[in-house]
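Structure follows, in structure tokens:
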């Protein structure tokens, strides 16, 4: 991850997180204060609902009591239930339905003392089913109880009470009540925003129509009213009253809108600031990075951003200082190397001159001895030793010429490499067994260098190649071409002896030679001259397979 | 007599023509049909049957039936009424009351100028189950109890023989290879069919658990019956058929699951009662235990 990205993320977090905390805090405070204001009211509603439930319970009890009264004087009921008259059985089966309609109840069943359903109003054909638990539970509860009543279309919740009647010494229980559905619950919601739901412990939260969405988030104000509930045993259900404070929703929406607007503004401003700041920081760093990547011990000093008075300026100055120190160290190294090279060369020159002077000195001593002992033979002996003197002088002359080549003065300009190669090929005298040829590309650019040095490079390589050939002769080829990087490529290849790996390792060392009469300076000179022209050099060779030297010199045209 | 009023205590929806979904519709559609109800109970042609009729729905559950051109018979005003409304109409004077309610028939028969006639047992209510039989007792006593206590119609325990059990000589019905598990615990019936509702509710009461009785509209019921997706279906089948194999093909064509694991259990037989004003209308019993109106002689 880039520095700029990190800075952007940091800015985003630094602006969004506090704002989000502020938004949440404001929302919570608003909710808490409004809920506290309305809680008392909802509690009052819950008390009213409790009174309503009590009133409903009393009403149910009253209606059941009325039915008990009618049953005691109902002869057809007595005939069917007590005497078992089959002719009145249909009347008995239909009695509860009729009674339920008459009294406005939603659930009514008549059971004998064993709990057998004799007549059911809400489920007419449920007759003869044993259900003694409900009358027992109602007797224990001594009040209204919420039960799950069976119906053909499925069960429903009903608020029920029980009553009993004795006819001919037989006890009959009446269980009746009203449906506890959404319509019933809506009666408790006397004000807009109030919602009433029923929560029963088993098997799950019942949702009579509109309790869906009754979540903690939306239930602004909540009050719960316990109601006895019977399934397998008596337990407690809750009538949950919630109030959705209208202004709270509006306030929340306003807070959300303002928060969203503020968030957008802050994020936009933060991003803009972060982008500007990261640019301010990262641009000098990028420049410094680029400058650092181009630090050259031969180039100018690093001055980028050095004038700044901040950390980046300090870093630039430190980098510049380091570059200066490196440059000085490199100069000292070069100087030391040069001194070492000069020392080596001086010792070599001293050695070579001594080697050249030794035969001369020996000849002169011999001549002096002849002059003293046999003066008449001096001319004869001089004649005999003259060739030795000339040979030694020639050697010294050649040595002097070779050393002179080590100190070239470079004058760079456009150089026609093909022209030089052609000239060298034409002027170089070779034995008849040797074929010196050129293979020059047409589109070779002009090299940027000194024509004398280029001539010396090619000349040395050609001579080296000729000398590498055996007595049987061979081929020497001067080739030119344009390198893929745009440089001017010169290849001098021969079919001579080639070099071993060890010889290759020392091929460019000063005074290293494999030839009996070689000076060992030719390739060393070529390497130095090539380096002076900012060129590169490589050699490919194997014993018995010849050698190819490749020189690449910078061209005058851009690559 | 040029006109007569008829009361049927059954829903009649002319949109369901020509396939009746209630006995009231069957009575009306037969009057409108040129070929129906022209054979008496002995199988002899009944050339004196009235009709065929053109049906006009004039609202308030009232239909006006007029003989088509060239046909004979009185103009009929047919009221489809609940039991309570039927009592009002009876008190107002009707020429014919067709009802499946014994109590209503008994009340109507208290008038001095009428004759109450029980018709033949014409329909058998069955419970069809796509996946084996229901876990209920289907003994004679149980079915008699259903007829006596559960159904508020003139009913008896179902008594065979039944044409759908005798498939000899008929083309083998199409059989569905596989049936998906039941998607509901519903015991379904046609919404306007009071007898089927009573039977379904009694079955639910006995089965307990998650079983429910569900009344469906005719199209939904037909679709559910074809799919076999419900636990059970309660519906009536005619006790008599002129073409046994054709009726079997129709029944098994609709309920292709019957041939796999399905079962069809007869529960109760029912019949209608006709309370007719004397000297106003002439009735003829037909082969399928309904009545035809006899056209007056020219």
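Chains as they are written, first to last, in this note's numbering: chain A, 37 to 595; chain B, 312 to 609. Just so you know, even glycine gets a beta-carbon here, dropped at the ideal spot from N, CA and C. Treat the numbers as computed from the prediction; the structure is a model and nothing was measured.
- In this structure, DSSP gives residue 542 of chain A a state outside helix and strand, which the three-state scheme calls coil.
- In terms of beta-carbon proximity, residue 582 of chain B stays away from the interface with chain A, with every pair separated by 7 angstroms or more.
- Fully contained in the stretch 430 to 500 of chain B are the following beta strand (DSSP E) runs of length 3 or more, in chain order: 466 to 468.
- Within 10 angstroms of the beta-carbon of residue 497 of chain B lie 16 or more other beta-carbons, which makes it buried.
- Between residue 189 of chain A and chain B, the shortest Cβ-Cβ separation is below 7 angstroms.
- In chain order, 472, 498 place their CB closer than 7 angstroms to the CB of residue 464 of chain A, counting only its own chain and leaving out the 5 sequence neighbours on each side.
- With its beta carbon less than 7 angstroms from one in chain B, residue 129 of chain A belongs to the interface.
- Assigned with DSSP and collapsed to three states, residue 100 of chain A falls in helix.
- Rounded to whole angstroms, the gap between the alpha carbons of residue 558 of chain A and residue 363 of chain A is 31 angstroms.
- Listed along the chain, the chain B residues whose CB falls inside 9 angstroms of the CB of residue 159 of chain A are 512, 515, 516.
- Residue state for residue 504 of chain B is assigned as coil, using DSSP reduced to three classes.
- Here the stretch 569 to 586 of chain B lies against the stretch 451 to 466 of chain B, with 3 or more beta-carbon pairs under 8 angstroms apart.
- Neighbours of residue 410 of chain B across chain A, judged by C-beta separation under 7 angstroms, do not exist; the nearest C-beta is about 16 angstroms away.
- The C-alpha of residue 572 of chain B lies about 6 angstroms from the C-alpha of residue 441 of chain B.
- When the beta-carbon positions are compared, residue 547 of chain B and residue 436 of chain B come within less than 7 angstroms of each other.
- Between residue 121 of chain A and residue 114 of chain A, the alpha-carbon positions lie close to 9 angstroms from each other.
- Note on the stretch 511 to 593 of chain B: whole alpha helix (DSSP H) runs with a minimum of 4 residues are 529 to 538, 555 to 565, in chain order.
- Residue 228 of chain A is classed as exposed because its beta carbon has fewer than 16 other beta carbons within 10 Å across all chains shown.
- The residue among A:476, A:295, A:262 with its C-alpha nearest the C-alpha of residue 60 of chain A is A:295.
- When only Cα atoms are considered, residue 387 of chain B and residue 376 of chain B end up about 5 angstroms apart.
- Taking 8 angstroms as the upper bound on Cβ-Cβ separation, chain A lies near residues 523, 524, 525 of the stretch 520 to 543 of chain B.
- Contact between residue 161 of chain A and residue 513 of chain B is confirmed by a C-beta separation of about 4 angstroms, below the 8 angstroms threshold.
- At least one CB atom of chain B sits nearer than 7 angstroms to the CB of residue 162 of chain A.
- In the three-state scheme derived from DSSP, where H, G and I count as helix and E and B as strand, residue 583 of chain A is classed as strand.
- Of all residues in the stretch 432 to 466 of chain B, those with a C-beta nearer than 8 angstroms to a C-beta of chain A are 459, 460, 461, 463, reading in chain order.
- Chain-ordered listing is empty here: chain B has no CB closer than 9 angstroms to the CB of residue 152 of chain A, the nearest sitting near 13 angstroms.
- Residues of chain B whose Cβ lies closer than 8 angstroms to the Cβ of residue 125 of chain A are, in chain order, 459, 460.
- From the beta-carbon of residue 509 of chain B, the residues of chain A found nearer than 8 angstroms are 160, 161.
- Taking residue 278 of chain A as reference, the option from A:543, A:461, A:82 with the minimal CA-CA separation is A:82.
- When beta bridges are read from the DSSP output, residue 573 of chain A appears opposite A:587.
- Look at the stretch 94 to 119 of chain A: it has no residue with a C-beta under 9 angstroms from a C-beta of chain B.
- By the beta-carbon neighbour count (other beta carbons within 10 angstroms, threshold 16), residue 398 of chain A is exposed.
- DSSP, read as helix, strand or coil, puts residue 397 of chain B in helix.
- Following the DSSP letters along the chain, one finds residue 154 of chain A in no alpha helix (DSSP H) but inside the beta strand (DSSP E) bounded by residues 153 to 156.
- Secondary structure note for residue 484 of chain A: its beta strand (DSSP E) is the uninterrupted segment 483 to 485.
- Following the DSSP letters along the chain, one finds residue 130 of chain A inside the alpha helix (DSSP H) bounded by residues 125 to 139.
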